[in-house]
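Residue numbers (the working numbering), protein chains in the order written: chain F, 1 to 115; chain X, 116 to 228.
So, in structure tokens, the structure goes:
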């Protein structure tokens, strides 16, 4: 196990609703990145938080937002859910202060289904 | 922008066969290269990495060599086991992009006894 935990593991929401996903980073890590993995595809970068500030964002609309807390845990919020938001959401924890090649540790993901 | 292209699966092999999964990349800077593995129902695990040209990453019998001249990072294993059945992702990160990972589409590997 990586020490990165995500909750919930599975979630079913209705189109138009809002959802909050949570990620607890590994001890000693200050950076959390979120990825969306649609079925049968590779993960796509949503955004990254470093020391409580957003530090890079992928090609996702503003209804995808996030937070990082002083303990470096993080939330991903998605408003006005659409059917295409159905995916596995992964968070990855790392310590960016260690440089480019530091390993990112992934949680097991939250499977979101929008109906 | 940065991108990763890997061979599509599924790849079906018999136990003890040789495995190769091709991966090529384009990057705006000097990337670090990674292979991740995803077992059914689980998140991603780092399999191996290489940070500069001609470096060879290796782990659990898997190997990949960073080829800058061909912008490739092909994954190989000489003798696969049933337990190697998984989805394999090639990825890169560039420091200027904040170390975000850019992934390929994944290659599903099925090893039959």
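Where a beta carbon is used, it is the ideal one built from N, C-alpha and C, also for glycine.
Legend entry - Among X:200, X:170, X:215, X:211, the one whose alpha carbon lies nearest that of residue 184 of chain X: Locating residue 184 of chain X in the second chain gives position 69, counting from the first residue. Among X:200, X:170, X:215, X:211, the Cα nearest to that of residue 184 of chain X is on X:170.
Inset, instruction - Please report the residue range of the beta strand (DSSP E) in which residue 75 of chain F lies. - result: Position 75 of the first chain, counting from 1, holds the residue named residue 75 of chain F. It spans 74 to 78 - the beta strand (DSSP E) in which residue 75 of chain F sits, taken as one unbroken run.
Inset, instruction - Leaving out five residues on either side along the sequence, give the residues of the same chain with a beta carbon under 6 angstroms from the beta carbon of residue 94 of chain F. - result: As a first step, residue 94 of chain F is located in the first chain; it is residue number 94 there, counting from the start. In its chain, beyond the 5 residues on either side, 29, 31, 102, 104 have a beta carbon closer than 6 angstroms to the beta carbon of residue 94 of chain F.
Inset, instruction - Please confirm whether residue 27 of chain F and residue 3 of chain F have their CB atoms less than 8 angstroms apart. - result: On the first chain, residue 27 of chain F is found 27 positions in, with the first residue counted as 1. On the first chain, residue 3 of chain F is found 3 positions in, with the first residue counted as 1. Yes, the pair counts as a contact, with Cβ atoms nearer than the cut-off.
Legend entry - Cβ-based neighbour list, residue 140 of chain X, same chain, cut-off 6 angstroms, excluding 5 preceding and 5 following: As a position in the second chain, residue 140 of chain X is number 25, starting the count at 1. Close CB contacts of residue 140 of chain X within its chain, under the 6 angstroms cut and outside five residues either way in sequence, are with 119, 186, 207 (chain order).
Inset, instruction - Please check if any C-beta of chain F sits within less than 8 angstroms of the C-beta of residue 219 of chain X. - result: Here residue 219 of chain X is taken as the residue at index 104 of the second chain, counted from 1. Closer than 8 angstroms: yes.
Inset, instruction - With 7 angstroms as the limit, tell me which residues of the segment 29 to 60 of chain F have their beta carbon closer than that to any beta carbon of chain X; keep them in chain order. - result: For the segment 29 to 60 of chain F, which is checked against every Cβ of chain X, the residues closer than 7 angstroms are 33, 41, 42, 43, 45, 48, 55, 56.
Legend entry - Residue range of the beta strand (DSSP E) that includes residue 10 of chain F: As a working note, residue 10 of chain F is residue 10 in the first chain. Segment 10 to 13, the beta strand (DSSP E) holding residue 10 of chain F.
Inset, instruction - Say whether chain F places a C-beta atom closer than 8 angstroms to the C-beta of residue 159 of chain X. - result: For the purposes of this step, residue 159 of chain X is taken as residue 44 along the second chain, with counting starting at 1. Answer yes: the Cβ-Cβ gap between residue 159 of chain X and chain F drops below 8 angstroms somewhere.
Legend entry - Straight-line Cα distance separating residue 146 of chain X from residue 21 of chain F: What you label residue 21 of chain F is simply residue 21 of the first chain in a count that begins at 1. What you label residue 146 of chain X is simply residue 31 of the second chain in a count that begins at 1. Cα to Cα, residue 21 of chain F sits roughly 30 angstroms from residue 146 of chain X.
Inset, instruction - Could you spell out the range, first to last residue, of the beta strand (DSSP E) harbouring residue 152 of chain X? - result: Mapped onto the second chain, residue 152 of chain X falls at position 37. For residue 152 of chain X, the enclosing beta strand (DSSP E) begins and ends at 147 to 153.
Inset, instruction - In the DSSP assignment, find the beta strand (DSSP E) that holds residue 162 of chain X and state where it starts and stops. - result: Locating residue 162 of chain X in the second chain gives position 47, counting from the first residue. From DSSP, the beta strand (DSSP E) with residue 162 of chain X extends over 159 to 165.
Legend entry - chain X contact residues for residue 104 of chain F, given Cβ-Cβ distances below 7 angstroms: Residue 104 of chain F sits at position 104 when you count from the first residue of the first chain. Simply 216.
Legend entry - N-terminal and C-terminal residue of the beta strand (DSSP E) that residue 192 of chain X is part of: Start at 1 with the first residue of the second chain, and residue 192 of chain X comes out as number 77. Note, residue 192 of chain X: beta strand (DSSP E), 190 to 192.
Inset, instruction - Can you tell me the Cβ-Cβ gap for residue 217 of chain X and residue 136 of chain X, rounded? I've got them flagged as a contact below 8 angstroms. - result: Counted from its first residue, the second chain places residue 217 of chain X at position 102. Counted from its first residue, the second chain places residue 136 of chain X at position 21. The pair is not a contact, with the Cβ atoms about 17 angstroms apart (cut-off 8 angstroms).
Inset, instruction - Could you check the C-alpha separation between residue 194 of chain X and residue 122 of chain X for me, to the nearest Å? - result: The count along the second chain starts at 1 and reaches residue 194 of chain X at position 79. The count along the second chain starts at 1 and reaches residue 122 of chain X at position 7. The straight-line gap from Cα to Cα measures roughly 19 angstroms.
Legend entry - C-alpha distance - residue 204 of chain X paired with residue 190 of chain X, whole-angstrom precision: On the second chain, residue 204 of chain X is found 89 positions in, with the first residue counted as 1. On the second chain, residue 190 of chain X is found 75 positions in, with the first residue counted as 1. For residue 204 of chain X and residue 190 of chain X, the distance between alpha carbons rounds to 10 angstroms.
Inset, instruction - Report buried or exposed for residue 74 of chain F, applying the criterion of at least 16 other Cβ atoms within 10 angstroms of its Cβ. - result: As a first step, residue 74 of chain F is located in the first chain; it is residue number 74 there, counting from the start. Counting every other CB atom within 10 Å of its CB across the protein chains shown gives residue 74 of chain F a total of 16 or more, marking it as buried.
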